[in-house]
Each structure stands twice: as C-alpha cells, then as structure tokens.
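Here the structure is laid out as structure tokens; the discussion comes afterwards.
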Ligand SMILES: NC(=O)C1=CN([C@@H]2O[C@H](COP(=O)(O)OP(=O)(O)OC[C@H]3O[C@@H](n4cnc5c(N)ncnc54)[C@H](O)[C@@H]3O)[C@@H](O)[C@H]2O)C=CC1
Ligand SMILES: O=C(O)C(=O)COP(=O)(O)O
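Numbering (the UniProt record's numbering), first residue to last: 1 to 638.
Here you go:
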C-alpha cells in the first residue's frame, strides 16, 4: 500500500455561503463537555456539488455546541415531579435543581433564573433517593450524604452535584465519576469564615470563655477556676497550609504566636513569605502548644490524630479542629483528655454530626464545641451560594467549571482554543471504531498529536476523553460517556489508550496540527483503512478554518469536512467516477456536502471520501457497490 497520495478537494458552495451568513454566534464556543450528544455536530445544510479550490474564510463557521442537552434531558424513568419551592412553577423544559440544605438567597435567585428549584431540606436518605431521578442537579452542604445509592437512584439524570462549601467528603466521588456526574464545590467563599472560627475557638479555649459563660449564667462567679493560658509567644502548629490554614496562620501571627505548619504539598516559599516554617508531621505535633487542624478528610488523613500521635505531643497541648471530625480518633482524644496529655480541645466538627447526645467527647469539661459553624457567617453563606450556583448553572450549560472536583479543569481560554479539536477528536474516534470490524475486540488505541507546541504545553485529557467517547458510544449499549467518566469506562472495557505527542513544523497558533488515531490488532471493514507495519486501522484529521476535516484514511490522503455522514470508496482512478457515484446519490435524494479524492498515482487506486447529509438507503449503497471501478466502500455515521 502506498504511503502517500495526492489530493483533490471539492468544497461545497453552501459551506462557503453558510460562512458568509455567520453571525456573532458563529464564533467558536467551548463545546459542551458534560452533555455530549451522539451527533453533536451534524449540519443540516443541503448543498450541491461544485468543484472549487480550498479557500480561506474570513468568518468561521459556527461550532457545534451541545449545550442544550442537559437542559432538556428528561429521564423516561422520572415520573415524580419534584416539590417546587412555594410559589414557583415547574417548567418541564428547564432543568430541575434540588437544594437539600439551606443556601443563601442570592444563589437561589440565580438558580431560579435558570431552572426549577426545589428546596427540600432535611430529606431522609430514602426521600433523597426517591426525588433524585427527577433532578438534573443537586446542591448540598455538609449535612447531606451523597452516596452511591443516590447516583444509582438518579438513573442517569443527575448531571452535577454542587457542594456549597469546600469539603467533599460527604460525596461518593468514585460513584459520581462512574456515573458520569460532575462534582463541583465552592472552595473560596468560606475560607475567611472558617479561619475566623478557628481563631475564635482558639481564643475561647485558651481563656475558657464557654465554660466561664455557662458558669456565670448559672449564678456562679468562679474567677480562680477559669484562669486561662496566654497565646502570645506560644507555638501553634497549623496542620494543612491551604486556604483556611494559611489564613489561620496569618491571624495567629497577629496574636504574637510562633507559627509552624505541616503540609506535605504546600510550597515552602509561600509559607516562608508569611513567616511560617514548614516542618515534618512529627516535628509539628511534638513542639506545638496549640495544634489547629486544616487538612481535608481523606483516607490518609482519617484518624491522623490517634493514640500514637497524641503520645508524641507535649503534655498539656491544646487542639482546635475546624476541619473534619474524622481526622481525629475521637475515642483516643477522650483518653488523651482524661490522662491530661491534651489539656483542652475546641471542636467544630465531629465524625458523626450531630454527635450522640451522650458523646463523652462533647460532654468533656475541657472540650468546647460548636455545631459545624466554621462556614456559617452571613457573608460566607451568600458568597458560597453564588459561587456554587454559578458553577452548577455553568455545568448544566455544558461548561466545565473551574471548581470541578472529579474532572480535569480546563481554563476557558484553553477550552475555547481546543473546541474544534474536541469535535475532531470525537469524530475520529467514531470513524476509527466503525472502520474496525467487531468493535468490542478493540483493546489498544494509539493517539498521535502533532503540534508545533512543546509537548508539555499540550493538555490532551480533553481530547483523549473525546476520542474515548467517540470509540465507545457506537459499540456500547447506550453508555453515557463524558469527560468525567471517559477514563473509567475505557478502563472498564479493557481499552488501553496510549498517546504520543510529536513536535512538527506547523503554525504555533494552532494548539494541535493533526490528530491521528491508530487501532491495533483489528480487522477492518474497509481494507484501505489499514496501514503501517503493524497493520493498524488509521485515521487522521485536522482542523481547517475552524472545521474538523478527515485528512487521512489508512495510507491515503483525503480531505473531507467531518459533517453529516461519510462514504469512503476505493476505486480505480478513472474519469467519470465522481459523476457516476454523485449521480447515484443525487437520484436517491442524498445530498453531498463535501467530496475529496485521494489517489496513489494517476490511473491507480484512489479513495473517494464523500460527505453526505442523509443516511443513504441500503439500495443506494448497493448501487455504489455495483459501479465496476469501485473495489470497496463503507458508510460511516459521524
Ligand atoms: N468547619 C467548617 O465549617 C469548614 C471546614 N472546612 C474544612 O477545612 C478543610 C480545608 O479547607 P481549605 O483550606 O479551604 O482547603 P485547601 O484544599 O485549600 O487546604 C487543604 C490543605 O491540606 C493539605 N493537606 C492534605 N493532606 C494533608 C496531610 N496529610 N497533612 C497536612 N496537610 C495536608 C493540602 O495540601 C492543602 O494545602 C476542608 O477540606 C474542609 O474539610 C472548610 C471550610 C469550612
Ligand atoms: O465548606 C466546608 O467544608 C464546610 O465544612 C462547611 O460546611 P457547611 O456548608 O457549613 O455544612
């Protein structure tokens, strides 16, 4: 098989006239990343064929966007209409957003401008599961457990879970990812509130404010009993130097404390700039007079303070926890308080919330407790509500949120530049899998990105996810594939996708010059699609003038815009072939929108790539098969 061929291109005039008509909405927009629809870019423009040279266009054609998908999704299984907020009307054409915990009014207003908002607080797990199949989004705080059962009960309708706050330990992220449900949080709006609460607890604990207050209210006046300790000059270990931890450190420095911190992932220069020394875990806990916890609850931080670690602390250490109850072994803390190793603890969070009424920890006389109030200031709650409402609305619009927790975060400007390549990637995956015979047998796919840019500057996660989606959707029983679950589903299906980035001499303006998809160890329905030493099914595409094009099939160069559907035809290169096949399609009312012929050499084999708007009937295809010069052909849905 020849490794190269020459190309004639036929551009349809309506393609060009469509461009002339382009409006402001024609500028490239980021594609919907969550609502991937199967035929996300089909064009319905009917055209006639006319020979023409490729011409650059001044206006770009509008990009296929699929952002209506989530808005209009209604699960066939969802029959129960959600309870509306009193006074609100339920509009079935709008997405439904269930808010299961109190959310600031500004956020609710924003949500109501976009969809049906159902504020149902204090739902039992069963009620939540019952409701969820009629909801497109769920907004929670720390009180709602979003378990695997919730995702199962959603029956595929739930597209986004918004956590109105930072900690996402109450959301089963693995299950969310498997179900293709995006999880977003609101990571910044409550930072100061949580830090202020940490400082409030620190000072209240040191000066016995809570106990003394209760004593005075009970009619006592116990001035000697409630002598406190000073904070100035004491060492505070901030465990977790993230947003909250660093704000606590800043405030503690203002109180004259010596602040050290342990955080395996924090940059030392950021800490140093604040006059905070980053130290090892053991050094932090063994030298601190006060320890303040600010790390997330994860499998590695669960019970990070336990009998062993309490044993390493200074006698009389004081502990503040506004992070998560689960980072402390609470029974061990009771033991450490009883033994005097820990002098006092100030706790905002508990492993079980609310804690049992008879909790020894809560009842301990040297413990002060608040009911998870860290984020509860008016200001923080309004800010969090807006932050999460914007993220959820964006996600429902098919945009990727900057606060996505279980999907790659792609900055809007990168997304915008990648948009046509995202469509190209999906179509190449879709084409390659249809060219292979027996799609389920595909195990190994290689993707080669050619770009003028440094390989490190090219974030291909989005493109890989779309290729995966393109490969998987045609061969699976309705698997819903999106950026969130693409890698998971590929792995589940035993599909190994490897990537190679090659620097080429091309325009650095374009993030990618070409994308090539190679499938190993598969037979092809269209022998000409097989190329290379390994006998791979090969397709390659590029973006030209903002529009995805197929540029290579097997060893043949072609040039066809990836719109509508595609007929690939290998024939002996001879005069009249284009007209003959074009006539068959025309007679059977199939519109050709694009056509190109790539041949090995004059009068040798050639590949005709024909873009068609409609799906030709069986008999139309068989007429093409009967054209004497046609050696093989295949119809591919894009
Ligand atoms: N009580 C409340 O109402 C609130 C509680 N929180 C809790 O505080 C936590 C921290 O919040 P942010 O500072 O906004 O998050 P963040 O993500 O900015 O900071 C967390 C820091 O913990 C560090 N970390 C991770 N593993 C660690 C380990 N093993 N040891 C030490 N440090 C580790 C990370 O590197 C990161 O710098 C949240 O995960 C949440 O659970 C946050 C807001 C309000
Ligand atoms: O943001 C966080 O992580 C918090 O813990 C705040 O929780 P809340 O929204 O007040 O239930």
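Ideal Cβ placement from N, Cα and C applies to all residues, glycine included. Remember, it's a predicted structure, so these values are computed and weren't measured experimentally.
Alpha-carbon to alpha-carbon, residue j and residue i
{"i": "residue 539", "j": "residue 516", "result": "6 Å"}
{"i": "residue 148", "j": "residue 95", "result": "22 Å"}
{"i": "residue 152", "j": "residue 346", "result": "38 Å"}
{"i": "residue 195", "j": "residue 93", "result": "42 Å"}
{"i": "residue 163", "j": "residue 444", "result": "37 Å"}
{"i": "residue 495", "j": "residue 519", "result": "11 Å"}
{"i": "residue 596", "j": "residue 612", "result": "12 Å"}
{"i": "residue 541", "j": "residue 425", "result": "8 Å"}
{"i": "residue 133", "j": "residue 375", "result": "30 Å"}
{"i": "residue 531", "j": "residue 557", "result": "12 Å"}
{"i": "residue 408", "j": "residue 567", "result": "35 Å"}
{"i": "residue 582", "j": "residue 528", "result": "21 Å"}
{"i": "residue 564", "j": "residue 585", "result": "14 Å"}
{"i": "residue 258", "j": "residue 228", "result": "19 Å"}
{"i": "residue 617", "j": "residue 130", "result": "45 Å"}
{"i": "residue 631", "j": "residue 614", "result": "23 Å"}
{"i": "residue 637", "j": "residue 501", "result": "28 Å"}
{"i": "residue 158", "j": "residue 523", "result": "38 Å"}
{"i": "residue 429", "j": "residue 279", "result": "49 Å"}
{"i": "residue 442", "j": "residue 526", "result": "16 Å"}
{"i": "residue 103", "j": "residue 382", "result": "8 Å"}
{"i": "residue 536", "j": "residue 446", "result": "10 Å"}
{"i": "residue 160", "j": "residue 143", "result": "18 Å"}
{"i": "residue 241", "j": "residue 249", "result": "8 Å"}
{"i": "residue 224", "j": "residue 185", "result": "46 Å"}
{"i": "residue 512", "j": "residue 324", "result": "44 Å"}
{"i": "residue 510", "j": "residue 451", "result": "8 Å"}
{"i": "residue 423", "j": "residue 156", "result": "23 Å"}
{"i": "residue 288", "j": "residue 321", "result": "15 Å"}
{"i": "residue 480", "j": "residue 180", "result": "7 Å"}
{"i": "residue 360", "j": "residue 124", "result": "27 Å"}
{"i": "residue 402", "j": "residue 384", "result": "15 Å"}
{"i": "residue 483", "j": "residue 267", "result": "30 Å"}
Where residue i sits in the DSSP three-state scheme
{"i": "residue 255", "result": "coil"}
{"i": "residue 645", "result": "Summary: the structure shown does not reach residue 645, with the chain confined to residues 1 through 638, and so no result is reported for it."}
{"i": "residue 158", "result": "coil"}
{"i": "residue 524", "result": "strand"}
{"i": "residue 617", "result": "coil"}
{"i": "residue 548", "result": "strand"}
{"i": "residue 518", "result": "strand"}
{"i": "residue 235", "result": "strand"}
{"i": "residue 137", "result": "strand"}
{"i": "residue 169", "result": "coil"}
{"i": "residue 110", "result": "helix"}
{"i": "residue 101", "result": "coil"}
{"i": "residue 96", "result": "strand"}
{"i": "residue 248", "result": "helix"}
{"i": "residue 128", "result": "helix"}
{"i": "residue 286", "result": "helix"}
{"i": "residue 243", "result": "helix"}
{"i": "residue 452", "result": "coil"}
{"i": "residue 118", "result": "strand"}
{"i": "residue 537", "result": "strand"}
{"i": "residue 151", "result": "helix"}
{"i": "residue 345", "result": "strand"}
{"i": "residue 457", "result": "helix"}
{"i": "residue 529", "result": "helix"}
Residue-level contact to chain E via CB, residue i, 8 Å cutoff
{"i": "residue 236", "result": "No chain E appears in this structure, which consists of one protein chain only."}
Inset, instruction - Examine the Cβ distances between the region 370 to 378 and the region 107 to 116 and report whether three or more of them are shorter than 8 Å. - result: At 8 Å Cβ cutoff, the stretches do not touch.
Legend entry - Given 8 Å, three or more beta-carbon pairs between the region 463 to 472 and the region 431 to 450: Judged by Cβ distances under 8 Å, the region 463 to 472 makes contact with the region 431 to 450, as three or more pairs qualify.
Inset, instruction - Check whether the region 294 to 314 touches the region 324 to 331, counting contact only when three or more Cβ pairs, one atom from each stretch, lie closer than 8 Å. - result: They touch, by the three-pair rule.
Legend entry - Every unbroken alpha helix (DSSP H) within the region 462 to 513, with a cutoff of 4 residues, ordered by chain: Counting only runs of 4 or more, we get 486 to 492.
Legend entry - Segments assigned beta strand (DSSP E), at least 3 residues, entirely inside the region 291 to 338: 317 to 321, all fully within the region 291 to 338.
Inset, instruction - Taking 8 Å as the threshold, find out whether the region 231 to 238 comes into contact with the region 178 to 197 through three or more Cβ pairs. - result: Cβ pair count under 8 Å is below three, so no.
Legend entry - Runs of beta strand (DSSP E) wholly within the region 181 to 229 (minimum 3 residues, chain order): The region 181 to 229 contains these whole beta strand (DSSP E) runs: 182 to 185.
Legend entry - Validate contact between the region 201 to 214 and the region 337 to 357 using beta carbons, cut 8 Å, 3 pairs: Note that the region 201 to 214 touches the region 337 to 357; at least 3 beta-carbon pairs, one per stretch, sit closer than 8 Å.
Inset, instruction - Identify every run of the beta strand (DSSP E) within the region 352 to 440, keeping only runs that are complete inside it and at least 3 residues long; order them along the chain. - result: Taken in chain order, the unbroken stretches of beta strand (DSSP E) that lie wholly in the region 352 to 440 and span 3 residues or more are 367 to 369.
Inset, instruction - Would you list, in sequence order, the uninterrupted beta strand (DSSP E) runs of no fewer than 3 residues that lie entirely inside the region 258 to 284? - result: 258 to 262, all fully within the region 258 to 284.
Legend entry - Contiguous beta strand (DSSP E) assignments of at least 3 residues, all confined to the UniProt domain "ACT" (566 to 638): Within the UniProt domain "ACT" (566 to 638), the complete beta strand (DSSP E) runs of at least 3 residues are 592 to 599, 605 to 612, 630 to 637.
Legend entry - Cβ contact check for the region 455 to 469 and the region 479 to 490: 3 or more pairs under 8 Å: Touching, per the Cβ criterion.
Legend entry - Contact the region 166 to 178 vs the region 391 to 404: 3+ CB pairs below 8 Å: Counting Cβ pairs under 8 Å, fewer than three are found: no touch.
Legend entry - Cβ pair count under 8 Å reaching 3, the region 287 to 301 against the region 267 to 275: The answer is no - the region 267 to 275 does not touch the region 287 to 301, with fewer than three Cβ pairs under 8 Å.
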